[in-house]
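Asker: One structure follows; several queries about it will come next.
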Amino acid sequence: MTDHRATPVAIAAVAVLVTSLLSVGQVKYELQQARPVDGEVLADGQPPGEDGSAPAIDPATGLPSAAPTASVAATGAPVPVGKPGAAGAPSAGSSAPGSVPTTVRPGEVVRIPDYGLRTQGVTPTSVKIGLDYAKSGCGDAGALEAALGPAVVGDPEKAVKAFTNHVNDTGGVRGRKLSVVTVDHGGLQCPEKHSAAAIEMVDQHKVFMALVGLHPVGDAVLQRKIPIFGGRASKAEQKARGIGQFQLFQDVDSDFANWASFGRHYLGTAPAGPIEKRACLVHPDTEDFNNQEKILVARMKAEGLAFADVIRYADDASTGQQQATAAVIRMKGKCGQVWFVANNAIGMIFFSNAAEQQDWHPIYTFTGRTALIDAALGGSLMNQNQWENAIGLSPRIKPGDHPTEGNCKKTYEKYYPGDGQSGSASVLVACIGILTSTEAMERAIDLTGVLTANSLQVGVNAIKRDFYYDAHVPMTYTVPTSLSQPFDFNGYDHQTVVRWNRSAGDYSFPEYPMYWSRFGAGKSGGEDLRPLFDDTWKKP
96 MTDHRATPVA
106 IAAVAVLVTS
116 LLSVGQVKYE
126 LQQARPVDGE
136 VLADGQPPGE
146 DGSAPAIDPA
156 TGLPSAAPTA
166 SVAATGAPVP
176 VGKPGAAGAP
186 SAGSSAPGSV
196 PTTVRPGEVV
206 RIPDYGLRTQ
216 GVTPTSVKIG
226 LDYAKSGCGD
236 AGALEAALGP
246 AVVGDPEKAV
256 KAFTNHVNDT
266 GGVRGRKLSV
276 VTVDHGGLQC
286 PEKHSAAAIE
296 MVDQHKVFMA
306 LVGLHPVGDA
316 VLQRKIPIFG
326 GRASKAEQKA
336 RGIGQFQLFQ
346 DVDSDFANWA
356 SFGRHYLGTA
366 PAGPIEKRAC
376 LVHPDTEDFN
386 NQEKILVARM
396 KAEGLAFADV
406 IRYADDASTG
416 QQQATAAVIR
426 MKGKCGQVWF
436 VANNAIGMIF
446 FSNAAEQQDW
456 HPIYTFTGRT
466 ALIDAALGGS
476 LMNQNQWENA
486 IGLSPRIKPG
496 DHPTEGNCKK
506 TYEKYYPGDG
516 QSGSASVLVA
526 CIGILTSTEA
536 MERAIDLTGV
546 LTANSLQVGV
556 NAIKRDFYYD
566 AHVPMTYTVP
576 TSLSQPFDFN
586 GYDHQTVVRW
596 NRSAGDYSFP
606 EYPMYWSRFG
616 AGKSGGEDLR
626 PLFDDTWKKP
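Here is the structure:
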């Protein structure tokens, strides 16, 4: 039977490693219905798209006029509309009711659904977005960052500046100058700063959208009707918070269904029998991960599996190794597989060292939702005698096999050559958030002719296996006209098997080029994604 009275294991998250996967609870405060300030919308009067109307394009300036061009189709689904004054006709990109078209004919624009989002922080020449991270080193985060060093953590301000400059040096956001403001969210251990970070971005800086580093900050920004890159992990949580969110990694429901099927069909995980086949689960003791535990337990049950024990650990770096040792001693006689999920890979450093001290050599398994654990950097931080037994799932591509490989590092080094931080977590976070958000904004402009909070959702929906910020699996989003329709706010859907290769200092890819969204018997259900790697967005 699973014992939920796990001894707390003290491990603090390195705040800058944390992207949209984090959560420590929900910030609640009253929604203030502030109006957009003058000059922060693209047309006079009501912001275009806020009532669902698509603005006309002034052929002289290329900018939207104030006049809408068409009405909603009888189905309620947005449809492309023709040039100003012409009869609108659906293009080849039209979709079924409840969906948003992702292509248009030249001169057409897509009608924008009214998602109830607010537009601010954008003009015909500029767009401003926000990004929050732990600037103040609150709690244990500062000490851990200092211990890991700049090559691992990096400098968030330099990283943000590098990718902002890159966007502007390559044409901006379809001609608009991008600016990124950063604010302090305090870290996991300073919740009093979370709502302040959201208020600062939304009310003080009046950002168009926010790249959120903590779930409570994302919740608070969405409550104020401003879109975010980030969001909660599960489908139920996402649906409760509504349209206006998108993130990188697949939802936890799908991820854990794939992981459980991987355990059954690949690792040979079993609820009974030889101890090496039994699994223990290790995760942070937070509201978010306790909820994820329930989802994973259910997905394991669907595969006929169960955990022999569950360890929940607390964030307290001062006693980290001591508590990790206690947890290892407890697991040692119960299981031979350690299933680990967390915000990032840092916690497993303590566990792998403790296991080595106790001469225990389990199999370690994970998915790519634990940031950095599937990267060479993350694997190199572990006890190497232990990590030889690490095998998990990852959205990475085998090195040398993707045309966009190394893009994040190369882009950063263009602005900060030789500083040794191009492979850091800060660079990865800035690269993912800024480049993916820019892509969505540009597709919104291409399809609708305007950039508003509502049109951004049209741009997100248009990312269909044809955008890569670096070497990774294709990303696909589905933003319907309402949440009564199927939705997918998570880009990744597939992962492949990775196994740590100590001599290479990186992971090997034993099943490449096959990727799975769900493992079947005999490794069935895989897909070769390589034919999609060269696909790119073609501006209408």
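Just so you know, the sequence shown maps onto residues 96 to 635 in the numbering used here.
For every residue, glycine included, the Cβ atom is placed at its ideal position computed from N, Cα and C.
Since we're looking at a predicted model, the values are computed, not measured.
#1: Report the three-state DSSP secondary structure of Leu-317 (helix, strand or coil).
#2: Pick out whichever of Gln-432, Ala-315, Arg-271 has its Cα sitting closest to the Cα of Tyr-361.
#3: Could you give the DSSP three-state label for Asp-73: helix, strand or coil?
#4: Using the C-alpha atoms, what's the distance from Ala-257 back to Tyr-510?
#5: Using 8 Å for Cβ pairs, my map puts Ser-532 next to Leu-343. What's the rounded Cβ distance?
#6: Quick one, which of Val-302, His-261, Ala-229 has its alpha-carbon nearest Thr-218's?
#7: When you compare the CB positions of Phe-341 and Val-555, do they come within less than 8 Å of one another, or not?
#8: Within its chain, find whatever has a CB closer than 6 Å to the CB of Met-296; leave out the 5 residues flanking it on each side and keep chain order.
#9: With H, G and I counted as helix, E and B as strand and the rest as coil, what does DSSP make of Gly-147?
#10: Just to confirm, are Gly-368 and Ala-471 a CB contact at a threshold of 8 Å?
#11: Threshold first: 4 residues or longer. Then list the alpha helix (DSSP H) segments lying entirely within the region 248 to 278, N to C.
#12: Roughly how many whole angstroms lie between the Cα atoms of Ala-254 and Arg-538?
#13: What is the DSSP secondary structure of Asp-404, counted as helix, strand or coil?
#14: For Thr-364, is the classification buried or exposed, using 16 other Cβ atoms within 10 angstroms of its Cβ as the cut-off for buried?
#15: Span of the beta strand (DSSP E) holding Ala-374?
#16: Can you tell me the Cβ-Cβ gap for His-456 and Asn-484, rounded? I've got them flagged as a contact below 8 Å.
#17: For the putative contact between Gly-463 and Phe-324, defined by C-beta atoms under 8 Å, what is the C-beta separation to the nearest angstrom?
#18: So, under 8 Å CB-CB, Ala-397 and Ala-355 are touching, yes? Tell me the CB distance rounded to an integer number of Å.
#19: So the candidates are His-300, Ile-294, Ala-335, Lys-334; which of them puts its Cα closest to the Cα of Ala-315?
#20: Helix, strand or coil: which one does DSSP assign to Leu-476?
#21: With a floor of 4 residues, list each alpha helix (DSSP H) that falls wholly inside the region 321 to 375, ordered by position along the chain.
#22: Which residues does DSSP pair with Ser-489 in a beta bridge?
#23: Identify, in the order they occur along the chain, each residue of the same chain with its Cβ nearer than 6 Å to the Cβ of His-589, setting aside the five sequence neighbours on each side.
#24: For Ile-558, which of helix, strand or coil comes out of DSSP?
#25: I need the DSSP call for Trp-482, collapsed to helix, strand or coil.
#26: Per DSSP, what kind of secondary structure is His-310 in: helix, strand or coil?
#27: Do you know how far the Cα of Gly-267 is from the Cα of Gly-94?
#28: To the nearest angstrom, report how far apart Trp-640 and Phe-446 are at their CA atoms.
#29: Quick check on this structure: which residue in Asp-565, Trp-482, Leu-488, Asp-496 has the alpha carbon closest to the alpha carbon of Ser-598?
#30: Start and end of the alpha helix (DSSP H) containing Gly-600?
#31: Just to confirm the assignment, what range does the beta strand (DSSP E) spanning Val-433 have?
#32: Per DSSP, which one or two residues make a beta bridge with Asp-227?
#33: Nearest to Ile-338 by CA position, among Ser-550, His-261, Asn-480, is which residue?
#34: Buried or exposed for Glu-388, please, with buried defined as at least 16 other CB atoms from any protein chain shown within 10 angstroms of its CB.
#35: My output table needs one value for Phe-443: the three-state DSSP class, helix, strand or coil.
#36: Going by the C-beta, is His-589 closer than 7 Å to any heavy atom of the ligand MG?
Answerer: Short version:
#1: Residue 317 sits at position 222 when you count from the first residue of the sequence shown. Three-state DSSP puts Leu-317 in a helix.
#2: Translated into the one-based positions of the sequence shown, residue 361 becomes position 266. Of the listed residues, the one whose Cα sits closest to Tyr-361 is Gln-432.
#3: Residue 73 cannot be examined here, being either before or after the span of the chain that is shown, 96 to 635.
#4: Within the sequence shown, residue 510 is the residue found at index 415, counting from 1. Within the sequence shown, residue 257 is the residue found at index 162, counting from 1. So the two alpha carbons sit approximately 6 Å from each other.
#5: Taking the first residue of the sequence shown as 1, we reach residue 532 at position 437. Taking the first residue of the sequence shown as 1, we reach residue 343 at position 248. With a Cβ gap of about 11 Å, Ser-532 and Leu-343 do not count as contacting.
#6: As a first step, residue 218 is located in the sequence shown; it is residue number 123 there, counting from the start. Comparing Cα-Cα distances from Thr-218 to each of Val-302, His-261, Ala-229, the minimum goes to Val-302.
#7: Reading the sequence shown from its first residue, position 246 is the one you call residue 341. Reading the sequence shown from its first residue, position 460 is the one you call residue 555. Contact: yes.
#8: Here residue 296 is taken as the residue at index 201 of the sequence shown, counted from 1. For Met-296, where only same-chain residues beyond five positions count, the Cβ hits under 6 Å are Gly-225, Val-278, Val-302, Ala-305.
#9: On the sequence shown, position 52 is the one that residue 147 refers to. Residue placement at Gly-147 is poorly supported in this model, since its pLDDT is 33, which falls under 50; the coordinates still yield a value, given next. It is coil, neither helix nor strand.
#10: The residue given as residue 368 occupies position 273 in the sequence shown. The residue given as residue 471 occupies position 376 in the sequence shown. Cβ atoms of Gly-368 and Ala-471: not closer than 8 Å.
#11: 251 to 264
#12: Indexing the sequence shown from 1 puts residue 254 at position 159. Indexing the sequence shown from 1 puts residue 538 at position 443. Roughly 24 Å separates the two Cα atoms.
#13: As a position in the sequence shown, residue 404 is number 309, starting the count at 1. Three-state result, Asp-404: strand.
#14: Working through the sequence shown from its first residue, we reach residue 364 at position 269. Residue environment for Thr-364: buried (at least 16 other C-beta atoms within 10 angstroms of its C-beta).
#15: Looking up residue 374 in the sequence shown gives position 279. Run containing Ala-374: 374 to 379, per the beta strand (DSSP E) assignment.
#16: Within the sequence shown, residue 456 is the residue found at index 361, counting from 1. Within the sequence shown, residue 484 is the residue found at index 389, counting from 1. That belief holds up - the Cβ atoms of His-456 and Asn-484 are roughly 6 Å apart, short of 8 Å.
#17: Locating residue 463 in the sequence shown gives position 368, counting from the first residue. Locating residue 324 in the sequence shown gives position 229, counting from the first residue. Their Cβ separation, rounded to whole angstroms, is 18 Å, which puts Gly-463 and Phe-324 out of contact at 8 Å.
#18: In the sequence shown, counting from the first residue as 1, residue 397 sits at position 302. In the sequence shown, counting from the first residue as 1, residue 355 sits at position 260. Indeed they touch by this definition, with Cβ atoms about 7 Å apart.
#19: In the sequence shown, the residue the question calls residue 315 occupies position 220. When each option's Cα is compared against that of Ala-315, the closest is Ile-294.
#20: Within the sequence shown, the letter at position 381 stands for residue 476. Correct three-state label for Leu-476: coil.
#21: 330 to 336, 347 to 357
#22: By one-based count along the sequence shown, residue 489 stands at place 394. Paired residue(s): Thr-591.
#23: Here residue 589 is taken as the residue at index 494 of the sequence shown, counted from 1. Contacts found: Val-568, Tyr-610, Ser-612.
#24: Taking the sequence shown and counting its residues from 1, the one referred to as residue 558 is at position 463. Residue state, collapsed to three classes: coil.
#25: As a first step, residue 482 must be located in the sequence shown, where it is residue number 387. DSSP places Trp-482 in helix when its eight states are reduced to three.
#26: Here the question's residue 310 lines up with position 215 in the sequence shown. Reduced to three states, the DSSP call for His-310 is helix.
#27: Look at the range of the chain in this structure, 96 to 635, and you will see that residue 94 is not part of it.
#28: The structure shown does not extend to residue 640, since the chain is modelled only from 96 to 635, so the question has no answer here.
#29: Taking the first residue of the sequence shown as position 1, residue 598 is located at position 503. Among Asp-565, Trp-482, Leu-488, Asp-496, the Cα nearest to that of Ser-598 is on Trp-482.
#30: In the sequence shown, residue 600 corresponds to position 505, counting from 1. Per DSSP, Gly-600 belongs to no alpha helix (DSSP H) and is neither H nor E.
#31: The residue labelled residue 433 in the question sits at position 338 within the sequence shown. Where Val-433 is concerned, the enclosing beta strand (DSSP E) stretches over 432 to 435.
#32: By one-based count along the sequence shown, residue 227 stands at place 132. Beta-bridge analysis with DSSP links Asp-227 to Val-278.
#33: The count along the sequence shown starts at 1 and reaches residue 338 at position 243. Among Ser-550, His-261, Asn-480, the Cα nearest to that of Ile-338 belongs to Ser-550.
#34: Position 293 of the sequence shown, counting from 1, holds the residue named residue 388. When all chains shown are included, Glu-388 counts as buried.
#35: As a working note, residue 443 is residue 348 in the sequence shown. Reading off the sequence shown, one finds Met at residue 443, where the question assumed Phe. Looking at Met-443 - three-state DSSP - the assignment turns out to be helix.
#36: Absence of the ligand MG from the depicted structure is noted, as is the absence of any ligand whatsoever, leaving it without description.
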